[in-house]
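Asker: Sequential numbering of the sequence shown, starting at 1, is according to full-length UniProt numbering.
Note that the Cβ used here is the ideal one computed from N, Cα and C, for glycine as well.
Remember, predicted model here, so these are calculated numbers, not experimental data.
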Amino acid sequence: MTILFTACPNSAGVKPADGADTGTGGGTGGGTVPPTPGTYVKVPYDTLEDYLANTASSEAVNYIEVTGNIPEEHFCANVFEPSTLSKKLKAHPDKKVALKIETYPTGLTDMTACFEACTSLTTAPDIPKGVTDIRWCFTGCTSLRTALAIPEGVTNMANCFDGCTSLTTVPAIPKGVTDMTNCFAYCTSLTTVPDILEGVTDIPYCFYGCTGLTTAPAIPVGVTDMGSCFANCTSLTTAPAIPASVTVMGNCFYACTKLTGVTLNCNYNAGNFNYSFQGCTALQNGSIKVPAEQLTIYKANADAMGTAADKFAAIAP
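Pasting the structure below:
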């Protein structure tokens, strides 16, 4: 399947780092010795490719702080075309990189697919203030272990860390985010994640296939779509209370084989709750709590939800 990305603004960066310091072992290539682990070497953007080709280690992680002017349009993907920044990293997949960026261009708002499929990236740089869109930003970064802070102002995190199979910790979700569709799908090394803040409305497939996740985050009132949210989270034992605002939760807990119970504060919505508990073999009788006035309709539709009527019980008053 081909993903269509929204084109970046066609404008150049306007915030160069004057007199960029290349630091010890700077980015001119040649015989420069790579930095020791944890020590970031400053590499001018216009020599990054040369540094990766001729100086960077193929064995140890390369700690690189990119300096100098990076054009705004180099930070996000165009239709069918990876971002220019990501192409520089992808050209050297055998060079593991922990990345910092010294100066971002003024006015940068879109980092869609900025590092998509950069399989050599181990540590992501900070997302700067002013950015609103980080869809697909780190999708498929299979070596990424650490993601740094995400600023307030970001609104769209759809697919942001999708397929980051080495990611063990994630930053707090900032206030203002509304869309987290597929955000952490297939992040198989995650065991816990931060709470989702009020304002988020869409979290379908958000934690799909997070097989290491044992504890789910709190889900705020206002979320409406939880379709397949925790599907195939095979280590998940407890689930958060599902808020009354949820209208879609088909396949939500599909194949969560260790899930022992959940409270649904939402009304049943025919056609949108199918297979919610299919394969949840650890659920006991009465372990799915629902509003008392909804108990009859939930029981009547248990089969459509992939479970049995006796699994439902009324929430205690």
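Answer with buried or exposed for F121, where buried requires no fewer than 16 other C-beta atoms within 10 angstroms of its C-beta.
Answerer: The residue asked about is misnamed: residue 121 is Leu in this sequence, not Phe. Under this definition L121 is a buried residue.
Asker: Specify the secondary structure class of K175 as computed by DSSP and reduced to three states.
Answerer: Coil, per DSSP.
Asker: Whole angstroms are fine: how far does the CA of F312 sit from the CA of L108?
Answerer: If I take the Cα positions, the gap works out to 50 angstroms.
Asker: Please report the Cβ distance between T112 and A77, rounded to the nearest whole angstrom; I am assuming they are in contact, meaning their Cβ atoms lie under 8 angstroms.
Answerer: Indeed they touch by this definition, with Cβ atoms about 6 angstroms apart.
Asker: Does the pairing of the region 208–226 with the region 172–191 give three or more beta-carbon distances under 8 angstroms?
Answerer: With the cut-off at 8 angstroms, the region 208–226 and the region 172–191 touch.
Asker: Have a look at D195 and T215 and give me their C-alpha separation to the nearest angstrom.
Answerer: D195 and T215: Cα-Cα distance of roughly 11 angstroms.
Asker: Looking at the C-beta of T257, does it have a partner C-beta in chain B at a distance below 7 angstroms?
Answerer: In the structure shown, chain B does not exist; there is a single protein chain.
Asker: State the DSSP-derived secondary structure class of K289, mapped to helix, strand or coil.
Answerer: It is a strand residue.
Asker: Which residue from S235, T247, M305 and F277 puts its Cα closest to that of G222?
Answerer: With distances taken between Cα atoms, G222 lies closest to T247.
Asker: Measuring alpha carbon to alpha carbon, tell me which of N69, A231, T155 and E116 ends up nearest F161.
Answerer: Closest by alpha carbon: E116.
Asker: What is the C-beta distance between C280 and L259, in whole angstroms, given that I count them as a contact (C-beta under 8 angstroms)?
Answerer: Indeed, because the Cβ distance is near 5 angstroms, the residues count as touching under 8 angstroms.
Asker: Taking the DSSP output, what are the residues bridged to V262?
Answerer: Paired residues: I288.
Asker: Would you give the residue range spanned by the beta strand (DSSP E) that A316 belongs to?
Answerer: Run containing A316: none; DSSP gives neither H nor E here.
Asker: Please work out which residues of its chain come closer than 6 angstroms, Cβ to Cβ, to residue 322, disregarding the five sequence neighbours upstream and downstream, and give them in chain order.
Answerer: Because the chain here runs from 1 to 317, residue 322 falls outside it and cannot be looked at.
Asker: Which residue marks the beginning of the beta strand (DSSP E) containing L121, and which one marks its end?
Answerer: Looking at the DSSP string, the run of the beta strand (DSSP E) that includes L121 is L121 to T123.
Asker: For a test of the three-state rule: what should DSSP assign to N182, helix, strand or coil?
Answerer: Residue state, collapsed to three classes: coil.
Asker: Report back the beta-carbon spacing between G68 and P44 to the nearest angstrom; my notes put them in contact at under 8 angstroms.
Answerer: 4 angstroms between Cβ atoms; contact.
Asker: Can you name, in chain order, every residue of its own chain whose Cβ lies under 6 angstroms from the Cβ of T257, other than the five neighbours on each side?
Answerer: The residues are T234 and T281.
Asker: State yes or no: is the C-beta of A241 within less than 7 angstroms of the C-beta of T224?
Answerer: No. Outside cutoff.
Asker: Please determine, among I219, A302 and D110, the residue with the shortest C-alpha to C-alpha distance to I127.
Answerer: The shortest Cα separation from I127 among I219, A302 and D110 belongs to D110.
Asker: Can you tell me where the alpha helix (DSSP H) with E49 in it begins and where it stops?
Answerer: That run of the alpha helix (DSSP H) goes L48 to N54.
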